[in-house]
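Q: Got a structure for you, questions after.
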Amino acid sequence: MPLLAVISTAGFERRVGMLDVSSTGVQLTSPDLPEEGAIILFEADAVQAVGRVVWSRNGQCGVAFERPISANQVEQLRREAADAADLPYLSFRLGCEDAA
-3 MPLLAVISTA
7 GFERRVGMLD
17 VSSTGVQLTS
27 PDLPEEGAII
37 LFEADAVQAV
47 GRVVWSRNGQ
57 CGVAFERPIS
67 ANQVEQLRRE
77 AADAADLPYL
87 SFRLGCEDAA
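Its first residue numbered -3, the sequence shown is counted upward by one per residue in my numbering.
Following this line, the structure appears as C-alpha cells:
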C-alpha cells in the first residue's frame, strides 16, 4: 500500500498514494488526478511542496516540485512509505552504511 498523501488545487482536494519521491518530484496514484500542467500543493506526513503535474495517465501522475525538498524530507517520506507497505527500509543516501 502506498503512503497516503493529499494534493490540492483551487477547488480540488484528493487523497492519493505516493509511489516514488525524490528531491525534485513525486509519482502519485489515484483514479482521479489533476491534468498535466496543473499546479498542486502536495502534502504527506510533515512535508509540503508546490509542484506542477508534468504527466498524467493510467491513474498515475508525475509532479515536479517548484523548489526541491531536502534530502531529510525525502528520507522521511521513503521511510513512511516503507512503513505503510510493511517493508524493511534501506537507506541509500551517501554516508549511510547500514539499514535504518
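For every residue, glycine included, the Cβ atom is placed at its ideal position computed from N, Cα and C. Everything numeric in this text was worked out from a predicted model, so none of it was measured.
#1: Return the bridge partner residues of R53 from the DSSP annotation.
#2: Using only the alpha-carbon positions, how far apart do D79 and L(-1) sit?
#3: Give me whichever residues DSSP pairs with I65 in a beta bridge.
#4: Measuring only the C-alpha atoms, how far is A45 from V17?
#5: I'd like the list of long-range same chain contacts for L15, defined as Cβ closer than 6 angstroms, with 5 residues on each side in sequence excluded.
A: Considering the structure as presented:
#1: Q56
#2: 8 angstroms
#3: I65 pairs with nothing; no bridge assigned.
#4: The straight-line gap separating the alpha-carbon atoms of A45 and V17 is approximately 12 angstroms.
#5: P(-2), Q23, T25
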